[in-house]
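Asker: The opening position of the sequence shown corresponds to residue 41 in our numbering, with each subsequent residue numbered one higher.
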Amino acid sequence: MHEPLDDAALLIAELLASRWLPRRHPRVRRALIDAELWQTVQDRLALSGLRLVDNIHADHVCVALLRGAETAVFGETGLNANNNARLPRDAVSLLVLLWSLIVLPKRERQAARAATAQTEGQTEMFTTERPIPSAASVSPVVSYKALLADFGLQLGRKTRMDGNLKRLETRGFIVRKGDDIGEGPLLDLLLDYDALAPRILEGALGDVLARARRQAQSEPSTPDQKSIEPEAPGADLHAEDED
Numbered sequence: 041m042h043e044p045l046d047d048a049a050l051l052i053a054e055l056l057a058s059r060w061l062p063r064r065h066p067r068v069r070r071a072l073i074d075a076e077l078w079q080t081v082q083d084r085l086a087l088s089g090l091r092l093v094d095n096i097h098a099d100h101v102c103v104a105l106l107r108g109a110e111t112a113v114f115g116e117t118g119l120n121a122n123n124n125a126r127l128p129r130d131a132v133s134l135l136v137l138l139w140s141l142i143v144l145p146k147r148e149r150q151a152a153r154a155a156t157a158q159t160e161g162q163t164e165m166f167t168t169e170r171p172i173p174s175a176a177s178v179s180p181v182v183s184y185k186a187l188l189a190d191f192g193l194q195l196g197r198k199t200r201m202d203g204n205l206k207r208l209e210t211r212g213f214i215v216r217k218g219d220d221i222g223e224g225p226l227l228d229l230l231l232d233y234d235a236l237a238p239r240i241l242e243g244a245l246g247d248v249l250a251r252a253r254r255q256a257q258s259e260p261s262t263p264d265q266k267s268i269e270p271e272a273p274g275a276d277l278h279a280e281d282e283d
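1) Name the one or two DSSP bridge partners that K217 has.
2) Tell me which residue opens and which closes the beta strand (DSSP E) that P62 is part of.
3) I need the DSSP call for R153, collapsed to helix, strand or coil.
4) Closest Cβ-Cβ distance between L195 and chain C: below 8 Å?
5) Pull up the DSSP beta-bridge partners for L105, would you.
6) Apart from the five residues just before and just after L134, which ones in its own chain have a Cβ nearer than 6 Å to its Cβ?
7) Find out if the Cβ-Cβ distance for the pair S179, G222 is shorter than 8 Å.
8) How far does the alpha helix (DSSP H) with L187 in it reach, from first residue to last?
9) Give me the Cα-Cα distance between A235 and E148, rounded to the nearest whole angstrom.
10) Could you compute how far the alpha carbon of T210 sits from the alpha carbon of D220?
11) Return the residue from the list I52, L141 and A176 that minimises the CA-CA distance to A71.
12) On a Cα-Cα basis, can you pick out the residue from D94, G212, L105 and A189 that is closest to A86?
13) Would you decide whether A79 is buried or exposed? Buried here means 16 or more other CB atoms lie within 10 Å of its CB.
14) Which partner residues of H97 appear in the DSSP bridge assignment?
15) Just the Cα atoms here: how many angstroms apart are A151 and Y233?
16) Compute the distance between the beta-carbons of D94 and A175, then report whether it is under 8 Å.
17) Please classify Q82: does DSSP put it in a helix, a strand, or coil?
18) Among G89, G192, V136 and D190, which one has its Cα closest to the Cα of R239?
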């Protein structure tokens, strides 16, 4: 007869079965506030070369490989590849583009709302904790038609781009609702913001983004064109150079 599983074991089992879990999940919520449970989960995952990935800017948590296990799992060839998710190069370019259009503006909005809440809280006699706004409440969406019109040629035209969008959706990076492309559970978890954001904002792509911004300001928008309207200069991302 098997012994009953504790909360740490159940949480790990659910994560491995589901690939990701929302932060509002009862066991995830408990782990986020119970340091002992969190450490127990991390210790047990580490025995299998895994780690629990959490990000206060994301609405989900997931499991990923420990750095030390990557070489054993992927080998030198896998580590030297442009990704370890078996995505073709143009799919990686599409992923980085969508990350730039969705995650960067979302982070700007979360930071702006958190700062506003903090300022308002300073006038209150009894301040309360105000968490960062959820990703679902501030995450922008990208229009498929606008994406195809602006970047279809660079991303392999419609058939190729549709195939890569399906790959990204299957892997949990994006979600699609009709013409809208939104943030998936893993988009802001498995891409390193600290490493990627400076390369996009300060690298060669900065010139592309600046040109796109000037063009957007000079051309009047049409009612049937759906695009992202960033709220801060750093989030004004409307382009990505092809890989």
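Glycine residues also receive a C-beta, built at the ideal position from the N, C-alpha and C atoms.
What you are looking at is a predicted structure, and each value in this text was computed from that prediction instead of being measured.
Answerer: Looking at the atomic coordinates:
1) D220
2) W60 to P62
3) helix
4) The chain inventory of the structure shown lacks chain C, comprising one protein chain alone.
5) L90
6) L195 and N204
7) yes
8) Y184 to F191
9) 17 Å
10) 16 Å
11) I52
12) L105
13) Before going on, a small fix: residue 79 reads as Gln here, not Ala. By the neighbour-count rule (16 or more Cβ atoms within 10 Å), Q79 is not buried but exposed.
14) In DSSP, H97 forms no bridge with anything.
15) 14 Å
16) no
17) helix
18) V136
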